[in-house]
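Written out below as structure tokens is the structure these notes cover.
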């Protein structure tokens, strides 16, 4: 089982620092990991469409009103980035198999983050915030660990050695990230829509 502490300890090992037993320790290592870990984890979810963080669900209508749009939807609490909105009744696909684009905006209405659109009955395709490390892939764990190492190197090790370790960790992070993006793209297959000419000819 993977834990937040284990990911942090991988990061600490990469900058040759002492391991921790808990993020709530009073050590400098624990304080820095606790500060940066959730921010960098969410950044990775925003930057890359990881398949294990991919969700699709129906949006919930709110009674709030928008001046520009007919419908106001609740913004999912675990949503970090919207991939697209889909029409529920068509599942977002037209007769030729292409995704139908849905116009929408993200707004702040009465201090509430919402999604507004002129389309009723929508579902959302998005990148979600996954907090359970047991759901992470090995590549995600290693990518996150090296990104974390690059951020905490200077505060923990000091400026002189920390800059060198930060640079090394960031370069390794980029290699893991590129490999993860390539691997992640192989976990899905999208059928290329045929042209209208081919469809009609049949």
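Numbering (the working numbering), first residue to last: 98 to 299.
Here a beta-carbon is modelled for each residue, glycine too, at the ideal position from N, C-alpha and C.
Rounded C-alpha distance that separates residue i from residue j
i           : j           : result
residue 277 : residue 219 : 31 Å
residue 117 : residue 111 : 14 Å
residue 163 : residue 212 : 10 Å
residue 57  : residue 177 : Because the chain is modelled from 98 through 299, residue 57 falls outside the range shown and cannot be assessed.
residue 240 : residue 109 : 14 Å
Beta-carbon contacts of residue i that lie in its chain and below 6 Å, excluding the five residues immediately before and after
i           : result
residue 216 : 199
residue 180 : 222, 223
residue 137 : 244, 245
Cβ pair residue i, residue j closer than 8 Å
i           : j           : result
residue 270 : residue 214 : no
residue 103 : residue 134 : no
residue 244 : residue 141 : yes
residue 150 : residue 227 : yes
residue 147 : residue 275 : no
residue 98  : residue 231 : yes
residue 166 : residue 182 : no
Own chain residues within Cβ distance below 8 Å of residue i, not counting five before or after
i           : result
residue 121 : 127, 131
residue 254 : 112, 113, 114, 262
Close Cβ partners of residue i (< 7 Å) along its chain, the five nearest in sequence each way excluded
i           : result
residue 247 : 263, 266, 267, 270
residue 154 : 220, 221
residue 129 : 249, 252, 253
residue 209 : 161
residue 273 : 236, 239, 240, 243
Simplified DSSP state of residue i, which is helix, strand or coil
i           : result
residue 171 : strand
residue 99  : coil
residue 240 : helix
residue 213 : strand
residue 117 : coil
residue 141 : helix
residue 224 : strand
residue 273 : helix
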